[in-house]
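Under the numbering used here, residues 286 to 430 are what the sequence shown spells out, in order.
Yeah, the Cβ is synthetic: ideal placement off N, Cα and C, and Gly gets one too.
In this text, all values refer to a predicted model and were calculated from it rather than measured experimentally.
Here's the structure we're looking at; comments come further down.
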Amino acid sequence: MKLSQLVLIAGLGTAALFSSASFAKPDHNLYRFLQSERAAAKLELTSSQQEQIAAIRTLSKAELDPLKEAMKGNRTAIKSIVQAEQFDEGAFRSAMQGNQSEMLEIAVIKARYNNQLWNVLTTEQQEKLSKMAKRKHKKMKKQQD
């Protein structure tokens, strides 16, 4: 193998390794952005709004943590079923159905959390946040193409 090919392969491998932005989800969690200092500056959040956002986050985290723990236990059970010598389809189905109820609850809590955060913002801030989300979505889509 030529040295130039080796250098090219090493360069491409390094570029792929460090281009984690290409794997990022579009609109990852825009509401997480609201908790940052950057959001406070860009959206001109008041200290009252920042406190409300922090309180909402704390409450939702308290609701989500037990569900995440239950799902972690379920993942362990699913992993043991998959790695067993004999595959037990019934056990796998019941473990997956157990996961569905937790996933539904998590989705409901996150939707409620996002709604509460949205309603903390003024109309102008909501419009600004929507524009920021659209720009981010466009940028991520462009990176993926």
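By the DSSP assignment, the alpha helix (DSSP H) with residue i in it spans what residues?
i, result
"F377", "E374 to V405"
"E354", "S332 to Q368"
"S415", "T408 to Q429"
"E322", "E322 to K327"
Report yes if the CB atom of residue i is closer than 8 Å to the CB atom of residue j, and no otherwise.
i, j, result
"E387", "A347", "no"
"I338", "L402", "yes"
"N359", "A380", "yes"
"L352", "L414", "no"
Rounded to the nearest angstrom, how far is the Cβ of residue i from that of residue j, given a contact under 8 Å?
i, j, result
"A376", "I366", "5 Å"
"Y398", "I341", "6 Å"
Please go through the same chain and pick out, in chain order, the residues whose beta-carbon is closer than 7 Å to the beta-carbon of residue i, but skip the five residues on each side of it.
i, result
"Q335", "A325"
"L349", "I391 and I394"
Quick one: does residue i have its CB under 8 Å from some CB of chain B?
i, result
"E390", "Within the model displayed, chain B is absent; a lone protein chain is all it includes."
Apply the 10 Å Cβ neighbour rule to residue i and answer buried if 16 or more other Cβ atoms are within range, or exposed otherwise.
i, result
"Q410", "buried"
"K416", "exposed"
Is it the case that the CB of residue i approaches a heavy atom of the ligand FAD more closely than 7 Å?
i, result
"Q320", "This structure lacks the ligand FAD, and indeed carries no ligand of any kind."
Near residue i, what residues of its chain come up, given a Cβ to Cβ distance below 6 Å and the 5 sequence neighbours on each side ignored?
i, result
"F318", "A324"
With a threshold of 8 Å on Cβ separation, who are the neighbours of residue i within its own chain once the five nearest residues in sequence on each side are excluded?
i, result
"Q385", "none"
"K423", "none"
"G383", "N359"
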